[in-house]
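The structure appears right after this line, and notes come after that.
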Amino acid sequence: MKELEKNPQSTISSSQVFFIHVCCGLALAAGFWVAHHVYSLNLVFDPTKTLCLIWAIEFPVVILLFSCCRQKPEKCSYFTAIARGLLGLPVGALLNALGALALGAPVGLQYLEKTVNWSLLMSSFTFVPTACVYGSSWTDWHRIFACTKPNGPLEFMLCLPAHGAVIGAWFGAWPMPLDWERPWQDWPICVSYGAIAGYVVGMVGSFGLALIMHAGRKQLKAE
Amino acid sequence: MAPLTCTKLSLITIAGVVTQIIGLSFFVFGFFPVKPALPGTSGSESFYVPACDFFSNQSDTTLPSDQLKSLYQELSGIPPSFDRLILMIVDGLPAEFVLGKDGKPPNKQFKEAMSYTQSLLASGSAIGHHAKAAPPTVTMPRLKAMVSGAIGGFLDVAFNFNTQAMTDDNLLGQFFKIGWKMVMLGDETWLKLFPGLFKRHDGVSSFYVKDTVQVDQNVSRHLGDELSKDDWDLLILHYLGLDHVGHIGGRNSVLMAPKMKEMDEVVKLIHSSINQSQGNGQGRTLLMIVSDHGMTENGNHGGSTYEETDTLALFIGLRNHVFDYVSVINQIDIAPTLALLFGVPIPKNNVGVLIREAFDSLKEDKHLRALELNSWQLLRLLQAQLSGLPCRNFSCDAFYDHQSSGSTDCDHETEDMLCCLYMEATTLYTSWKSKRGFESASNKDYSSAAAAYYKFLKSASEWLSRRSTDKPVKLLALGLATMFISTVILSSLMFCRLREIYHGGKQQSLNLNDSMNGWSLDETFILCVILILVSSMTSSSMVEEEHYIWYFLISTFYLLLLRKTAQSLCAVRFQSSFFTQNGQSREGYFRMCFVFLLLTSGRVLGGWHQGGVNWTSLPDISKWLEQAGSQHVKSLQLISAFLVISIGLFALFSIESKGKCFQMVRLSFLISGLLVLLHITKYQDYTFSSTNYGATLLVQIIYAILGVATIGTVVALPWVIPFSTSKICPTDNTISPLFLSIHEKFPLVELRDSLYVIGWAYVLCWCLLQLLLQQPINTTPILLLLLQILAGTLYFARSGTHHKEWVEIAAFYYLGMAGHFALGNSNTLATIDVAGAFIGISSHSTLLSGILMFIITYASPMFILLSLVMYISMKNMAHLVIPEKAGPGDHLMMMLGFPCLLPLVINSILLTAYTVVLLLMQNHLFVWSVFSPKYLYVCATAVCTYIGVFIVAATGFYAYFVLVMRKQKPYSC
Chain A
4 MKELEKNPQS
14 TISSSQVFFI
24 HVCCGLALAA
34 GFWVAHHVYS
44 LNLVFDPTKT
54 LCLIWAIEFP
64 VVILLFSCCR
74 QKPEKCSYFT
84 AIARGLLGLP
94 VGALLNALGA
104 LALGAPVGLQ
114 YLEKTVNWSL
124 LMSSFTFVPT
134 ACVYGSSWTD
144 WHRIFACTKP
154 NGPLEFMLCL
164 PAHGAVIGAW
174 FGAWPMPLDW
184 ERPWQDWPIC
194 VSYGAIAGYV
204 VGMVGSFGLA
214 LIMHAGRKQL
224 KAE
Chain X
53 MAPLTCTKLS
63 LITIAGVVTQ
73 IIGLSFFVFG
83 FFPVKPALPG
93 TSGSESFYVP
103 ACDFFSNQSD
113 TTLPSDQLKS
123 LYQELSGIPP
133 SFDRLILMIV
143 DGLPAEFVLG
153 KDGKPPNKQF
163 KEAMSYTQSL
173 LASGSAIGHH
183 AKAAPPTVTM
193 PRLKAMVSGA
203 IGGFLDVAFN
213 FNTQAMTDDN
223 LLGQFFKIGW
233 KMVMLGDETW
243 LKLFPGLFKR
253 HDGVSSFYVK
263 DTVQVDQNVS
273 RHLGDELSKD
283 DWDLLILHYL
293 GLDHVGHIGG
303 RNSVLMAPKM
313 KEMDEVVKLI
323 HSSINQSQGN
333 GQGRTLLMIV
343 SDHGMTENGN
353 HGGSTYEETD
363 TLALFIGLRN
373 HVFDYVSVIN
383 QIDIAPTLAL
393 LFGVPIPKNN
403 VGVLIREAFD
413 SLKEDKHLRA
423 LELNSWQLLR
433 LLQAQLSGLP
443 CRNFSCDAFY
453 DHQSSGSTDC
463 DHETEDMLCC
473 LYMEATTLYT
483 SWKSKRGFES
493 ASNKDYSSAA
503 AAYYKFLKSA
513 SEWLSRRSTD
523 KPVKLLALGL
533 ATMFISTVIL
543 SSLMFCRLRE
553 IYHGGKQQSL
563 NLNDSMNGWS
573 LDETFILCVI
583 LILVSSMTSS
593 SMVEEEHYIW
603 YFLISTFYLL
613 LLRKTAQSLC
623 AVRFQSSFFT
633 QNGQSREGYF
643 RMCFVFLLLT
653 SGRVLGGWHQ
663 GGVNWTSLPD
673 ISKWLEQAGS
683 QHVKSLQLIS
693 AFLVISIGLF
703 ALFSIESKGK
713 CFQMVRLSFL
723 ISGLLVLLHI
733 TKYQDYTFSS
743 TNYGATLLVQ
753 IIYAILGVAT
763 IGTVVALPWV
773 IPFSTSKICP
783 TDNTISPLFL
793 SIHEKFPLVE
803 LRDSLYVIGW
813 AYVLCWCLLQ
823 LLLQQPINTT
833 PILLLLLQIL
843 AGTLYFARSG
853 THHKEWVEIA
863 AFYYLGMAGH
873 FALGNSNTLA
883 TIDVAGAFIG
893 ISSHSTLLSG
903 ILMFIITYAS
913 PMFILLSLVM
923 YISMKNMAHL
933 VIPEKAGPGD
943 HLMMMLGFPC
953 LLPLVINSIL
963 LTAYTVVLLL
973 MQNHLFVWSV
983 FSPKYLYVCA
993 TAVCTYIGVF
1003 IVAATGFYAY
1013 FVLVMRKQKP
1023 YSC
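Residue numbers (the working numbering), protein chains in the order written: chain A, 4 to 226; chain X, 53 to 1025.
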C-alpha cells in the first residue's frame, strides 16, 4: 500500500483497464480489417505490408492511451510521455529483433523487412506501453520485466500482455521447421500469430486480475 | 534415510550403468536381429546336392558368359521356356484392383479400366497372384526383395542408406553373368541399385510426387522403339504414376481409373508386340506385371496392413491354362520362379518358393527338378542358419538308409521337422525317378512327390522368413524393463543427492541467496527441455529437424540466463546506493558479457550448417563460404585453428607455477599445436588421397605426442603438483574461512589445481584432434564451441550460488548436443564424415577408422564432458560442504557427484524414452528412414556419455587419492 500512496497515479480502476485493453484489441482488429478489406492484404501472402499496417495502426493507439497513465504526471507532461513512447518504439524493436535473431530467426536481406516490421509490432506490444508509463526508470523496468514482480493493476496491465506476446511468439515458432509445406510456416507469420494470440490472452488475464484486485480493495475498504 | 556415502553412490551408479548397458544390448539384439546371410553369389554348385559340392565357385566365374549360360542349362536340366523377359512394375498397385479380394471381382470401375488385362485373365493367358510383400512397403527394399528373394533385416536397411548399390546375390546379377542385355525405363531407384548393369536406361525421379503424367510418359515414349528392337533380353518398365496418384488422392482418386487405363494400354501394346514377335520367330517373351507395394485408403504406404502388403504378380505368356482360383504367394517367390524359368541359379539368400502355376505347364520331370533345385538352395540357407542341422550328412550319402523312417514323425522340433520333410520329399522323388522308366510310373507318385516338396519348401520358407522379420518380444520387453529400472535407479540417486544438498543443509544455507531454495525459472526450463525432447521424438519430422529444437531451447536458456543476470545486476545497482560495492556490480557486467558471447556464438553455430532433411538447401554460412572460394575457407580455418591453439596455450602458460612437469606439458602441447598448424597449411588439401606418406606420418606423430602429453599430464600431475599456498585455478576468489579449515585436513586446493590443469590438457588435446580430423569448414565451429564452453564455465564460476549446480551441468549437456548438430551432423546416417576416418591411418583397419569416425561425429558431446573436469575445478563449491561431518569421500562426492550423475540421468531418460518410441513406431511409415537411424545415434550418444563420464570420474578419483596419499605421507615423495 505504501507503494500506491507514493504513486497515486498507479491506482487505476478496472473500467479504465478494460477500456484501454479493448481499445488496444480493437486497434489490432482494425489493423487486420484495413489490411484485409481496404488493401486486400493477408498476413500469409504479404506479411511485410500487413505487419506494417497493423503496427502502424496499433502503436499510436497504444502510445496515446498509455501516456494517460504516465507516472508522476506533475513532472512529466502528456507530450513528454508520448515522446518517450515514440523513442521506445525503435529501441524496443531493436531488442525484440535481437532476441528473435538469437533464437534463430533467419538472417538475410530478403527477411530484413519482415523482421523489422515484426519487431516494430512486438515493440508496440511489449516495450512502448512501459516506456510511456515509466520512461527510463530503471528500477521500475527491473521490477516489471527482470523480476516479474508487478504490483497493482497498472503494472499488471503492462506486464501480462507483454509477457503474453513474447511467450506466444516463442510458442508460435514451433511449427516453423516442420515439413507440412504450409505457407504460414514461414518467418514471421506463425510467430506473429502466436504473439498476437499471447497478447490477447495477456490482456484478458490482466483485465481479470484488475477485477479481482479491485474487488479485494473494496473488501479491504469495507472492513 | 541414511545419507549416501561416496562408495555407496559410486557403486550404485556403476550398477545402474551396467544394468543399462545390459538392457540396451538386449534390446538392440532383439530389435536388430543379425541373420547370417550367405556371402557371394550362386554359381554352378547350386545344381548339385548341398554338402556334397566339392566344386569351387571359382571355376565358373571365369567362364565367358555364353559358355556359362550353356553350362547352366546343361546342369539344371530344365530348358528355359522363354528367351526374353519384360518386367513391368506398376508402383503401388494393389492386387485388389486387378484380381479382386476374397474371391470377389474388383471394383467395376477398375475392371472396366483394365479391360484388356481382364480379358487376358479370363482367357487364361494371364495368371494373376496376390503377392504378399513384407514390410517396409517402400520401393527400394521391395525391389531388392523381388530380385534377390531375401527379406532384409532392420540393420540391412539402415546401413544401406549410404551405399545403395545392391551387392547381394540377385537375379539381375545372374542375368548379367550369362550375358543378358538389359534395358531399364522408369524409376531411377533401379539405376542406384544396379549401376552399370543396364545397356540403355532412362531414369525418372520419384521425387516430384505431384507429377502423375510426365513420369509415365517418360517411360512409354521409348516403348515402341524398344519393343521393335531385339538386342535386349530383359526390359524393365517401372511406372511411378499410379503411386503418385495414390499419394495425391488416395485409392479412390478420380485419376486412378484413367491411370489404370493407361497401364492397360501399355499391357495391350506389349502383349500384341510379343505375339507378333513370336510369330516372327524372335523368341518367346514372358511379360510379368508386378507391383512393389500396395497403398492404404489415403494412398500412403510403408506399413504392414493388408492394403499395403497386397501386391500384384501377373504372368502373361505362360501356356493357356485357366485357373478358377487366385492363389496367394509371397513377393519373394518371384525371384526363384524367374531364376528357374530362365535357367540361372537361384540367388543365394532367397527365401522364396517357386510359384506352382508358373511350372504347371512343364513336364513332370522338369517340374520336380525345379522343385529339387529350389529345395537344395533353401537347404543351404537352412544349414547356414542352423549349424547343427541334423540332415546335413544324410543328404549326401546316409539318407538312403533312412528310407525306413517313413513319414510318421514329421511333427516335432523345427529342425527335425524341416529335415524330415526334406528327406521325405527326396525319397519320393527318387522312387518316382526309379519307377519312371516302367509303366507303373503313375501320376500319383508324381503328385505326391511334388506335394512333399511344396510342403518342405513352404515350411522352410516360412521358418526362414520368420527368423529374419520376427522380433523376440520377450527379449525386447526384458531389455526395455532393464533400461527402465536403470533409469529409475539413476534418477532416484540424483534426487537423493538433490535432497541432501539443498534440503539437508538448510541451516548452512542461511547466508546463501534466496534462489537456492526456491524453484526458479531456469530449473523449470531445464526440466521442460527433457519433456519437450521426449515428446518431440514421437514426430518423424521433429526427429528429422531435431537441431532446430536444440538451437531454440539452448538460446532460450541463454536468454533466461540474461534475464537472471539482469535481475542480479539491478539488485546490485539498487544496493549500491546504500553500500558502495563496485566489485559485485562489475561481476554482473562480466557475466552479462559472457551471456552475450554465448548468445552470439550459439547463433553463429546454429547458422553454420543447414542440417536436417527438409531445409538443407537453404543458404547457410558453410555454403556461403564454399561459394566464396577455397582460399577463404582456408584462411578462416587457419585463423580459427591459430586462435584455438593460442587460447589453449595461453591458459596453460598463464599458470604461475614453474615446475618441470608444467614446462613439459606446455612444451608438448606447443609442439603438437605447431604440428597441427603445419599439417593444416601443408597437407589438408590432399587428405582425400590418403596415399600421401608424409601427411600420414605427421598425423601419426601428432597422435603420439598428444596421447603421451595428455596421459602423462593426467598420471603425473597429482604426484608433482606442489603443496603451496599459491593458487593455480584463477577464479577461486572467495575462499571462506570454513574452506580453509577443511583444507588443513584435505588437499582440496591442490585437487582443484591439478584438475584445472588436467581439464585444460583434455580440452586442448581434444581441440587439436578435431582440428586435425574435422573438415576444414568445421574449424570455426570448433573455435566457437571452445568459446562457448569457456564463456559458460566462467559465467557459472562467477555466478556462484545463483544457479544450482545441476542446472549448469544440464545446460552444458544441452550445449553439447546443440554443438553436435552445429558440426553438420543430423539424424540421418548420410552426414557421417567417412573421409575423415582415414586420416593418419596407414593400413586399413575397421576398428581404428571406427574410433576416428566416432571421435569426429561425437566431437561436441565428448568435448563438453571432457571440459567438465575444468568446470569442476573452477566451480566454487565451498558453500556446499558440510564441515562437521565431512569425510574424505564427501568432498569427492560434492565435486564429482553431479558432473557424473547428471549426464547419465539425462542420457538414460532420453534413451529409455526413445526406446519406447521406437517400439511404438515399429510399423510407422518412416521407421526405416527416420526412426531407426536416430536410434543408432541415440545408442552412440549413450556410449559417448559412458566414456566421457568414466574419464571425468576416473580423473577425479585418481587425482584425489594420489593427493590424499601424498598429504598423509608428506616426506615420502
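We put the CB at the ideal spot given by N, CA and C, even for glycine.
1) Which runs of the alpha helix (DSSP H) spanning at least 4 residues fall entirely within the region 370 to 409 of chain X, listed in chain order?
2) For X:G180, which three-state DSSP category applies?
3) Inspect the CB distances between the region 857 to 875 of chain X and the region 896 to 913 of chain X and report whether three or more fall short of 8 Å.
4) So what's X:L137 in DSSP terms, helix, strand or just coil?
5) Within 9 Å of any Cβ in chain A, is that where the Cβ of X:T65 sits?
6) Looking at the strands, I want to know which residues DSSP matches up with X:I341.
7) Tell me the residue span of the alpha helix (DSSP H) that contains X:H253.
8) Take X:F375 and list the residues in its own chain whose beta-carbon comes closer than 8 Å to its own, dropping the five residues that flank it on each side.
9) Taking Cβ-Cβ distances shorter than 7 Å, what residues in chain A pair up with X:N666?
10) Hey, X:I230 and X:A422: beta-carbon distance below 9 Å or not?
11) Would you mind sorting X:K927 into buried or exposed? The rule is 16 or more other CB atoms within 10 Å of its CB.
12) For X:V696, which residues in the same chain have their Cβ closer than 7 Å to its Cβ, ignoring the five residues on either side in sequence?
13) Return the residues of the region 122 to 150 of chain A that lie within a Cβ-Cβ distance of less than 9 Å from chain X, sorted by chain order.
14) 9 Å is my cut-off, CB to CB: does A:V110 come that close to chain X?
15) Using the three-state DSSP reduction, which class does X:I64 fall into: helix, strand or coil?
16) Are the C-beta atoms of A:W190 and some chain X residue less than 9 Å apart?
17) I want to see whether chain A comes within less than 9 Å of X:R615, judged by CB atoms only; does it?
18) Please determine, among X:L953, X:T348 and X:M234, the residue with the shortest C-alpha to C-alpha distance to X:T363.
19) What does A:G175 touch in chain X if you count any residue whose Cβ is under 7 Å from its own?
20) Can you list, in chain order, the residues of its chain with a C-beta nearer than 7 Å to that of X:L307? Leave out the 5 residues immediately preceding and following it.
21) How would you list, in chain order, the residues of chain X whose beta-carbon sits under 7 Å from the beta-carbon of A:L104?
22) Counting only beta-carbon atoms, is X:L651 nearer than 9 Å to chain A?
23) Is it true that the region 959 to 978 of chain X meets the region 988 to 1005 of chain X, where meeting means three or more beta-carbon pairs spaced less than 8 Å apart?
24) Would you please verify whether the beta carbon of X:F630 is less than 9 Å from any beta carbon of chain A?
25) Given this structure, state the Cα-to-Cα distance separating A:Y137 from A:L161, to the nearest angstrom.
26) So, under 8 Å CB-CB, X:Y124 and X:V396 are touching, yes? Tell me the CB distance rounded to an integer number of Å.
27) Exposed or buried, which one is X:T733 when buried takes at least 16 other CB atoms within 10 Å?
28) What first and last residue would you give for the beta strand (DSSP E) that runs through X:H290?
29) Answer yes or no: does any C-beta atom of chain X fall closer than 9 Å to that of A:G219?
30) Just checking my contact of X:V405 with X:K510 at CB under 8 Å: how many whole Å lie between their CB atoms?
31) With a Cβ-Cβ cutoff of 9 Å, do X:L195 and X:V319 count as a contact?
32) In terms of residue numbering, what span does the beta strand (DSSP E) encompassing X:V235 cover?
33) Within 10 angstroms of the Cβ of X:A1006, are there 16 or more other Cβ atoms? Answer buried if so, exposed if not.
34) Measure the C-alpha to C-alpha separation of X:C472 and X:L431 and round it to an integer number of angstroms.
35) Thinking C-beta only, is X:G201 closer than 9 Å to X:A503?
36) Considering only their Cβ atoms, is the gap separating A:A176 from A:G219 smaller than 9 Å?
In brief:
1) Taking only runs of at least 4 residues, the alpha helix (DSSP H) segments lying wholly in the region 370 to 409 of chain X are 386 to 393.
2) Within the second sequence, residue 180 of chain X is the residue found at index 128, counting from 1. Three-state result, X:G180: strand.
3) Under the Cβ criterion (8 Å, minimum of three pairs), the region 857 to 875 of chain X counts as touching the region 896 to 913 of chain X.
4) To locate residue 137 of chain X, count along the second sequence from 1; it is residue 85. X:L137 falls in the strand class under three-state DSSP.
5) Residue mapping note: residue 65 of chain X aligns to position 13 of the second sequence, counting from 1. Closer than 9 Å: no.
6) Looking up residue 341 of chain X in the second sequence gives position 289. For X:I341, which the question treats as bridged, DSSP gives the partners X:M140 and X:L366.
7) Counting from 1 along the second sequence, the entry for residue 253 of chain X is found at position 201. No alpha helix (DSSP H) holds X:H253; the beta strand (DSSP E) holding it covers R252 to V256.
8) Within the second sequence, the letter at position 323 stands for residue 375 of chain X. Hits under 8 Å: G176, I179 and E409.
9) Working through the second sequence from its first residue, we reach residue 666 of chain X at position 614. Chain order gives the chain A residues near X:N666 as D182, where near means a beta carbon separation below 7 Å.
10) Within the second sequence, numbered from 1, the residue matching residue 230 of chain X stands at position 178. Within the second sequence, numbered from 1, the residue matching residue 422 of chain X stands at position 370. No, they are not a contact pair.
11) Here residue 927 of chain X refers to the residue found at position 875 when the second sequence is read from its first residue. X:K927 comes out buried.
12) Taking the first residue of the second sequence as 1, we reach residue 696 of chain X at position 644. Correct list, in chain order: C819, L823, I834, L835 and L838.
13) Listed by position, the residues of the region 122 to 150 of chain A near chain X (Cβ gap below 9 Å) are W141, T142, W144, H145, R146, F148, A149 and C150.
14) Within the first sequence, the letter at position 107 stands for residue 110 of chain A. It does: the Cβ of A:V110 has a partner Cβ on chain X nearer than 9 Å.
15) Stepping through the second sequence from its first residue, residue 64 of chain X is reached at position 12. It is helical.
16) Counted from its first residue, the first sequence places residue 190 of chain A at position 187. Chain X has no Cβ within less than 9 Å of the Cβ of A:W190.
17) The sequence position of residue 615 of chain X within the second sequence is 563, counting from 1. For X:R615, at least one C-beta of chain A is nearer than 9 Å to its own C-beta.
18) Taking the first residue of the second sequence as 1, we reach residue 363 of chain X at position 311. Of the candidates X:L953, X:T348 and X:M234, the one whose C-alpha sits nearest the C-alpha of X:T363 is X:T348.
19) Numbered from 1 along the first sequence, position 172 holds the residue referred to as residue 175 of chain A. The contacting residues do not exist; A:G175 stays about 12 Å from chain X at best.
20) The residue labelled residue 307 of chain X in the question sits at position 255 within the second sequence. Contacts found: T264, V297 and G301.
21) As a working note, residue 104 of chain A is residue 101 in the first sequence. For A:L104, the chain X residues whose C-beta falls within less than 7 Å of its own C-beta are R655, listed in chain order.
22) In the second sequence, residue 651 of chain X corresponds to position 599, counting from 1. By this cut-off, X:L651 is an interface position.
23) Under the three-pair Cβ rule at 8 Å, the region 959 to 978 of chain X counts as touching the region 988 to 1005 of chain X.
24) On the second sequence, residue 630 of chain X is found 578 positions in, with the first residue counted as 1. With a pLDDT of only 45 at X:F630, under the threshold of 50, the placement of this residue in the model should not be trusted, and no figure is reported.
25) By one-based count along the first sequence, residue 137 of chain A stands at place 134. By one-based count along the first sequence, residue 161 of chain A stands at place 158. If you draw a straight line from the Cα of A:Y137 to the Cα of A:L161, it comes to about 10 Å.
26) Position 72 of the second sequence, counting from 1, holds the residue named residue 124 of chain X. Position 344 of the second sequence, counting from 1, holds the residue named residue 396 of chain X. About 6 Å separates the two Cβ atoms, so the contact holds.
27) For the purposes of this step, residue 733 of chain X is taken as residue 681 along the second sequence, with counting starting at 1. Label assigned to X:T733: exposed.
28) Taking the first residue of the second sequence as 1, we reach residue 290 of chain X at position 238. Where X:H290 is concerned, the enclosing beta strand (DSSP E) starts and stops at L286 to Y291.
29) Walking along the first sequence from the start, residue 219 of chain A turns up at place 216. It does not: the Cβ of A:G219 has no partner Cβ on chain X nearer than 9 Å.
30) The residue you call residue 405 of chain X lines up with position 353 of the second sequence. The residue you call residue 510 of chain X lines up with position 458 of the second sequence. Contact check for X:V405 and X:K510: beta-carbon distance about 6 Å, within the 8 Å limit, so the pair qualifies.
31) Here residue 195 of chain X is taken as the residue at index 143 of the second sequence, counted from 1. Here residue 319 of chain X is taken as the residue at index 267 of the second sequence, counted from 1. Cβ atoms of X:L195 and X:V319: not closer than 9 Å.
32) On the second sequence, position 183 is the one that residue 235 of chain X refers to. Counting along the chain, the beta strand (DSSP E) containing X:V235 begins and ends at M234 to D239.
33) Residue 1006 of chain X sits at position 954 when you count from the first residue of the second sequence. X:A1006 is classed as exposed because its beta carbon has fewer than 16 other beta carbons within 10 Å across all chains shown.
34) Position 420 of the second sequence, counting from 1, holds the residue named residue 472 of chain X. Position 379 of the second sequence, counting from 1, holds the residue named residue 431 of chain X. Here the alpha carbons of X:L431 and X:C472 stand approximately 12 Å from one another.
35) On the second sequence, position 451 is the one that residue 503 of chain X refers to. On the second sequence, position 149 is the one that residue 201 of chain X refers to. Contact: no.
36) Residue 219 of chain A sits at position 216 when you count from the first residue of the first sequence. Residue 176 of chain A sits at position 173 when you count from the first residue of the first sequence. Taking 9 Å as the Cβ cut-off, A:G219 and A:A176 do not qualify as a contacting pair.
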